[in-house]
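Novice: This is the structure I want to talk about, given as structure tokens.
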Amino acid sequence: MTTRPRTPAPGTPAPGKLALTELVELKARRQPIAMVTAYDAPSGRLADAAGADVILVGDSAAMTVLGHDSTVPATMDEMIVLTRAVNRGARRPLVVADMPFGSFQVSDEEALHNAIRFVKESGADAVKLEGAGPMLPRVRALVGAGIPVMGHIGLTPQSATMLGGFKAQGRTAQKAVRLYEDALALEEAGCFAIVLEAVPAPVAARITAALAVPTIGIGAGVECDGQVLVWHDLLGLYEGNSPRFVKQYADLSTEIKRAVGAYVDEVRERRFPEEQHTYSMPDDELALFEEALGSDRKVGAVDQTP
Ligand code: KIV
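Okay, so the sequence shown: first residue is 190 according to this note's numbering, each after it adds one.
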């Protein structure tokens with residue numbers, strides 16, 4: 190069994206953890222940042238082993254693991270459980286907890302209270318929140334309290350209804366300028382990185398060039414400083430419709446159905462478990478056991494009484 194380093198005090202980077210400041214250096218070196226979502230300890234461990242720099246415990250969990258139709262129902266308590274689990278699996282990547290809908294919109298105080306819960310109760314390194322404009326004071330409040338904040342603009346799923354559905358944003362000059370200004374304002378408010386979701390590639394490229402902090406794109410083109418994909422989308426685990434910006438790198442649904450189906454068949458045909466999956470006992474102990482039960486009840490005998 191491997192021993193893990195003790196969990197450091199909240200707000201203190203764990204040994205081996207990527208420094209938050211390294212992200213700006215990666216941008217400066219034009220070295221792309223790889224971010225992926227994860228929702229439990231195994232996916233945190235695998236994302237770490239695969240070399241991801243940042244893990245986002247996205248509120249996409251509401252859809253990918255909790256079975257909802259949108260991200261809106263995700264709660265703080267659910268997100269804290271998932272983030273804590275990811276943290277148990279991941280060592281090097283920065284773990285960013287996504288602030289769920291309703292956890293930061295009401296007031297700076299409530300946003301701060303919930304962000305502090307993420308840091309203290311789940312060991313999150315940073316939080317992400319959607320939006321700009323009215324959310325800028327939230328960013329300032331959190332950063333002022335020492336909690337790193339990742340911004341998220343463009344298609345912001347928590348407000349998809351207001352945006353007219355799950356569709357690309359900033360596709361007119363006027364809306365693109367608005368996105369550009371929002372990105373600058375988020376940087377000014379103190380965000381250490383900004384997710385650009387479903388934004389035309391040339392707009393994302395201009396925003397990326399204008400910012401000192403990294404942009405992380407999802408459906409925003411290759412010029413962003415980093416990319417993020419949802420775990421279930423990239424592994425082919427999500428059975429709903431995926432947006433066009435998703436690239437599927439594996440088809441694990443098919444593989445899981447094949448494996449579980451084979452198991453079900455083998456159980457039904459008594460082909461599993463085999464000898465190597467079974468424990469034996471010394472012959473003399475078995476004989477004593479049978480003797481203790483009496484001659485009318487043999488081990489393995491099937492009761493035929495109707
Ligand atoms: O919740 C999430 O997974 C996200 C990413 C798509 C950026 O916000």
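No residue lacks a Cβ here, since even glycine has one placed at the ideal position from N, Cα and C.
Taking only three categories from DSSP, how would you classify D225?
Specialist: Looking at the sequence provided, one finds Val at residue 225 rather than Asp. Of the three classes helix, strand and coil, the one that applies to V225 here is strand, per DSSP.
Novice: Taking 7 Å as the cut-off, is the C-beta of S249 nearer than that to any heavy atom in the ligand KIV?
Specialist: Yes, Cβ of S249 sits closer than 7 Å to a heavy atom of the ligand KIV.
Novice: Please list, in chain order, all residues of the same chain as G483 whose beta carbon is under 6 Å from its beta carbon, the five residues on each side excluded.
Specialist: Here the set comprises nothing.
Novice: Put K206 into one of helix, strand or coil per three-state DSSP.
Specialist: Coil, per DSSP.
Novice: In angstroms with no decimal places, state the Cα-to-Cα distance between S499 and R460.
Specialist: The chain is shown only over 190 to 495; residue 499 falls outside these bounds and no answer can be derived.
Novice: What ranges does the alpha helix (DSSP H) occupy inside the region 271-343, keeping only unbroken runs of at least 4 residues that lie completely in it?
Specialist: If we require 4 residues or more, the alpha helix (DSSP H) runs fully inside the region 271-343 come out as 297-311 and 325-333.
Novice: Where DSSP assigns a beta bridge to T264, which residues make up the other side?
Specialist: In the DSSP output, where bridge partners are listed per residue, T264 has none listed.
Novice: Taking just the CA atoms, how far does R367 sit from H341?
Specialist: One C-alpha to the other measures close to 14 Å.
Novice: Which value, in whole angstroms, describes the spacing of the CA atoms of P194 and A274?
Specialist: At P194 the pLDDT is 46, less than 50, meaning the model places this residue with poor confidence; the figure from the coordinates comes in the next sentence. When rounded, the distance between both Cα atoms is 16 Å.
Novice: For I222, which residues from the same chain have a beta carbon less than 7 Å from its beta carbon, with the 5 sequence-adjacent residues on both sides left out?
Specialist: So the list reads L212, L215, D242, V243, P403, I405, D414 and G415, once near-sequence residues are dropped.
Novice: Indicate whether the contact test is met: 3 or more Cβ pairs, each with one atom in the region 258-269 and one in the region 217-237, closer than 8 Å.
Specialist: No, the region 258-269 does not touch the region 217-237.
Novice: Between which two residues does the beta strand (DSSP E) harbouring T467 extend?
Specialist: Segment: none, T467 is in no beta strand (DSSP E) and carries neither H nor E.
Novice: Please name the residue or residues paired with Q416 in a DSSP beta bridge.
Specialist: DSSP lists A223 and G406 as partners of Q416.
Novice: Out of A357, M324 and L245, which has the shortest C-alpha to C-alpha gap to A279?
Specialist: Selected option, being the one with the closest Cα: L245.
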